[in-house]
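First comes the structure, then the notes that go with it.
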Amino acid sequence: MDHASIIDGCRLSYAEVRKFRHNDMADLERILKENRDRKKLIAVDGVFSMEGDIINLPDVVALAKKYNARIMVDDAHGIGVLGGTGRGTAEHFGLEKEVDLIMGTYSKSLASIGGFIAGDAEVIHYIKHFARALIFSASPPPSSIAAVSAAIDIIEDEPERIEKLWKNTRKMFNGLKSLGFELGPTETPIIPILVGDDLMAFKMTMLLQQEGVFANVVVSPAVPSGKALIRTSYMATHTDEHLDKVLSAFEKTGRALGLISD
Ligand SMILES: Cc1ncc(COP(=O)(O)O)c(C=O)c1O
Numbered sequence: 003m004d005h006a007s008i009i010d011g012c013r014l015s016y017a018e019v020r021k022f023r024h025n026d027m028a029d030l031e032r033i034l035k036e037n038r039d040r041k042k043l044i045a046v047d048g049v050f051s052m053e054g055d056i057i058n059l060p061d062v063v064a065l066a067k068k069y070n071a072r073i074m075v076d077d078a079h080g081i082g083v084l085g086g087t088g089r090g091t092a093e094h095f096g097l098e099k100e101v102d103l104i105m106g107t108y109s110k111s112l113a114s115i116g117g118f119i120a121g122d123a124e125v126i127h128y129i130k131h132f133a134r135a136l137i138f139s140a141s142p143p144p145s146s147i148a149a150v151s152a153a154i155d156i157i158e159d160e161p162e163r164i165e166k167l168w169k170n171t172r173k174m175f176n177g178l179k180s181l182g183f184e185l186g187p188t189e190t191p192i193i194p195i196l197v198g199d200d201l202m203a204f205k206m207t208m209l210l211q212q213e214g215v216f217a218n219v220v221v222s223p224a225v226p227s228g229k230a231l232i233r234t235s236y237m238a239t240h241t242d243e244h245l246d247k248v249l250s251a252f253e254k255t256g257r258a259l260g261l262i263s264d
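If you're matching positions, the sequence shown starts at 3 in our numbering and goes up one per residue.
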């Protein structure tokens, strides 16, 4: 369930890539043990982008210490959402000092485009001089950086927005669950509705659109084939009125397609 950009990044690193099963710490330990004497970087999503579950970071950190590995977290969906002040997955678990690299995109809670990577100055210096994708692309435009800077000020100064986001998340999780939809392992404002069949997922999103509701349809290769889902994600600015409209649309379309019953 890793985001495609992690897979591509691993390929571009020219390192040998070993994959462990989804959030499975025994499997991660097996691989670390097999590579005990080598240099290792564990690359994980903070929040998994399709199903909204969170990496078991405390155990990843413990294993990294035990087997002398470094850790990189792609926190695209954690920044602005998790942690007491919205600093993401590492803050959520109180592990900011234990994670070597935190990478994020500006395209989620920061409402812009581009991304960042944060770590020790020496490592960042190295990346600046060896990362081809960085060296051979244009810099982000000042307007998008200004938007990110303003978004960070808002996250810091208006913590009530994060509270509202979680209130909206709880409302939608409970609402969709009580309608009878299968929601998977989500723990965050990304709430997937598991559908299974690709065609059914496409039909459902089309019907939702007719009801005035936009949701992402997610099929293979973004998820394993046969595990198509409709991905909904919520914002602090959604009102109860918006959310009730979404719930009614899901109820109507889910019943029409036989995904839920009375
Ligand atoms: C986990 C994760 N990492 C990276 C990205 C890439 O973000 P962007 O499209 O802003 O480059 C995404 C976006 O979908 C994501 O979900």
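Quick reminder that beta carbons are idealized off the backbone N, C-alpha and C, glycines included.
Check whether residue i and residue j have beta carbons under 9 Å apart
| i | j | result |
| --- | --- | --- |
| G82 | T91 | no |
| H5 | L59 | no |
| Y16 | N37 | no |
| L261 | M206 | yes |
| L231 | P194 | yes |
| L34 | K41 | no |
| G182 | L196 | no |
| A78 | I44 | no |
| I157 | D76 | no |
| I126 | A135 | no |
| E213 | K179 | no |
| Y108 | V150 | yes |
Exposure of residue i, with buried meaning 16 or more beta-carbon neighbours within 10 Å
| i | result |
| --- | --- |
| F252 | buried |
| S51 | buried |
| H86 | Note on identity: in this sequence residue 86 is Gly, with His being the wrong assignment. The residue is exposed, with fewer than 16 neighbouring Cβ atoms inside 10 Å. |
| V19 | exposed |
| T241 | exposed |
| S111 | buried |
| G229 | Note that residue 229 corresponds to Lys in the displayed sequence, not to Gly. By the 10 Å Cβ count, K229 comes out buried. |
| I57 | buried |
| I129 | exposed |
Contact test: residue i Cβ vs ligand 1 heavy atom, cutoff 8 Å
| i | result |
| --- | --- |
| I262 | no |
| K110 | yes |
| T107 | yes |
| I8 | yes |
| H24 | no |
| H5 | yes |
| D55 | no |
| S51 | yes |
| G90 | no |
Residue(s) in a DSSP beta bridge with residue i
| i | result |
| --- | --- |
| D26 | The partner list for D26 (beta bridge, DSSP) is empty, contrary to what the question assumes. |
| R265 | Since the first and last residues shown for the chain are 3 and 264, residue 265 lies out of range. |
| N218 | R233 |
| M105 | D76 and I119 |
Min CB distance residue i to chain B below 9 Å
| i | result |
| --- | --- |
| I115 | Absent here is chain B; the protein component of the structure consists of one chain. |
Tell me whether the region 125 to 143 and the region 171 to 180 touch, counting them as touching only if at least three CB pairs, one residue from each stretch, are closer than 8 Å.
no
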